[in-house]
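Each residue of the sequence shown is one higher than the one before, counting from 1 in the UniProt record's numbering. Below you'll find the structure, written out as structure tokens, and then a few comments.
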Amino acid sequence: VLIDSGASAWLTDDINDFVEPPTMIGAPKGVDGIGKGLIVKGKGRARMKLIDVNNKSLIVESPNVLYCPQSPIKIISPQALFQCLGKGVGKMILDEDGVVIKLGNQQ
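Dropping the structure here:
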């Protein structure tokens with residue numbers, strides 16, 4: 001999973017990430033930014049697994065995840081994650097050691 005602060009939406013290549021089958025898009029559309037050239041085939045509610053700093057699994061969910069089967073990676077937009085969770089629930093810290101996303105009292 002790539003955490004992309006420039007992304008406006010989440011993106012997955014795995015149909016199994018979706019809570020229910022995604023709504024397929026009649027006329028597939030392209031992706032801009034890091035995913036430029038990829039084709040979005042659907043959209044829906046999906047879950048992805050992250051690993052916290054204590055090596056524990058954390059499941060995160062978003063209602064508007066893009067389904068892009070040819071993508072080589074999954075992308076999470078931290079802004080979209082924080083919007084799902086509500087104001088003041090999370091923050092992202094970026095430094096020379098890497099990226100930490102804090103959700104309430106979790107990392």
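For glycine and all other residues, C-beta sits at the position ideal for the given N, C-alpha and C.
Residue i, enclosing beta strand (DSSP E) - first and last residue
i: residue 61; result: 57-67
Helix, strand or coil at residue i [DSSP, three-state]
i: residue 4; result: coil
i: residue 80; result: helix
i: residue 73; result: coil
i: residue 17; result: helix
i: residue 98; result: strand
C-beta contact flag for residue i and residue j at 8 Å
i: residue 67; j: residue 15; result: yes
Beta-carbon proximity list for residue i, same chain, < 7 Å, skipping 5 on both sides
i: residue 22; result: 42, 43, 44 and 67
Sequence-distant residues of its chain with Cβ nearer than 6 Å to residue i (five each side left out)
i: residue 97; result: none
Same chain, Cβ closer than 8 Å to residue i, neighbours up to 5 away in sequence not counted
i: residue 57; result: 49, 50 and 51
i: residue 70; result: 13, 38 and 39
i: residue 55; result: none
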